[in-house]
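These protein sequence lines are chains A and B, in that order. My numbering puts the first residue of the first sequence at 1, with every later residue one more than the last. My numbering puts the first residue of the second sequence at 114, with every later residue one more than the last. This report refers to the structure that appears directly beneath it.
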Amino acid sequence: GQQLNQSPQSMFIQEGEDVSMNCTSSSIFNTWLWYKQDPGEGPVLLIALYKAGELTSNGRLTAQFGITRKDSFLNISASIPSDVGIYFCAGQRGETSGSRLTFGEGTQLTVNP
Amino acid sequence: GAVVSQHPSWVICKSGTSVKIECRSLDFQATTMFWYRQFPKQSLMLMATSNEGSKATYEQGVEKDKFLINHASLTLSTLTVTSAHPEDSSFYICSAAWVVNEQFFGPGTRLTVL
């Protein structure tokens, strides 16, 4: 099935550094979501974006819903070791509970203490 | 709130046997449940969408006779991998959604077929 283009695939950073990752799509989504997945676990929702242009923060995390509705980015400021994991973007077209998610390929983040 | 559980968390089976995985929404009634498969170092791929009391909708390329989905109640969906083979070894994750447009994910089930 269709996947979103997520970059970078992996990042190796020092503790305290800021991180940025993004997702692009050839088609429009009405909702953009960012998840974090730890090894052997299911994804956990970090931030949900519902409106084009929306900029939302959750602690050290900030995400934006692109104006064209075809892209989104996630920033993590002042990274800490527990930020390690795989980050996925996901797009959703519909507005009902049955609306499927399309996932990006993921960004593997490694934080060196 | 909005907790989803899966059972078992891991299972090892012999080739040719069938394996059933349960997905439960513990504190809400899920109108829709989704089943995903994730291979190592890859993203989540949607296998099927199921609504309580009706047949599941499978994604292209997913064999409905091999991956049987039952969604008998608003809090339980099951995925049965029939006649499992080593290539079916994967991480299977369910999610559940109710009236709001958010999916809550289970912790996943690691299936290893020998």
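C-beta atoms are modelled at their ideal positions from N, C-alpha and C, and glycine is treated no differently. Remember, predicted model here, so these are calculated numbers, not experimental data.
List, in chain order, every chain B residue whose beta-carbon is nearer than 9 Å to that of residue i.
i                      : result
residue 105 of chain A : 155, 156
Roughly how many angstroms lie between the CA atoms of residue i and residue j, to the nearest whole one?
i                      : j                      : result
residue 112 of chain A : residue 86 of chain A  : 15 Å
residue 220 of chain B : residue 5 of chain A   : 25 Å
residue 20 of chain A  : residue 52 of chain A  : 19 Å
residue 70 of chain A  : residue 101 of chain A : 14 Å
residue 227 of chain B : residue 124 of chain B : 11 Å
residue 11 of chain A  : residue 156 of chain B : 17 Å
residue 89 of chain A  : residue 187 of chain B : 28 Å
List, in chain order, every chain B residue whose beta-carbon is nearer than 7 Å to that of residue i.
i                      : result
residue 124 of chain A : Residue numbering for chain A in the displayed model covers 1 to 113; residue 124 of chain A lies beyond these limits and cannot be assessed.
residue 73 of chain A  : Within 7 Å Cβ-Cβ: nothing; residue 73 of chain A doesn't reach chain B, min ~18 Å.
Does any C-beta atom of chain B lie closer than 8 Å to the C-beta of residue i?
i                     : result
residue 52 of chain A : no
residue 69 of chain A : no
residue 48 of chain A : yes
Just to make sure I have the definition right: I need the residues of chain A whose C-beta is within less than 9 Å of the C-beta of residue i. Which are they?
i                      : result
residue 220 of chain B : 40, 41, 42
residue 189 of chain B : Result: empty, since nearest Cβ-Cβ is about 16 Å, beyond 9 Å.
residue 159 of chain B : 1, 100, 101, 102, 103
Does the CB of residue i have a neighbour CB from chain A at under 8 Å?
i                      : result
residue 215 of chain B : yes
residue 141 of chain B : no
residue 206 of chain B : yes
Under 8 Å Cβ-Cβ, which residues of chain B neighbour residue i?
i                      : result
residue 109 of chain A : Ordered by position in chain B, no residue passes the 8 Å Cβ test against residue 109 of chain A, which lies about 14 Å from the chain.
Uninterrupted alpha helix (DSSP H) stretches inside the region 9-87 of chain A (no shorter than 4 residues): none
For the region 3-30 of chain A, which residues have a CB atom closer than 7 Å to at least one CB atom of chain B, in sequence order? 3
Relative to chain A, which residues along the region 125-151 of chain B have a C-beta separation below 9 Å, given in chain order? 143, 144, 145, 147, 149, 151
Please go through the region 151-187 of chain B and give each complete beta strand (DSSP E) segment of 3 or more residues, from N-terminal end onward. 158-164, 180-186
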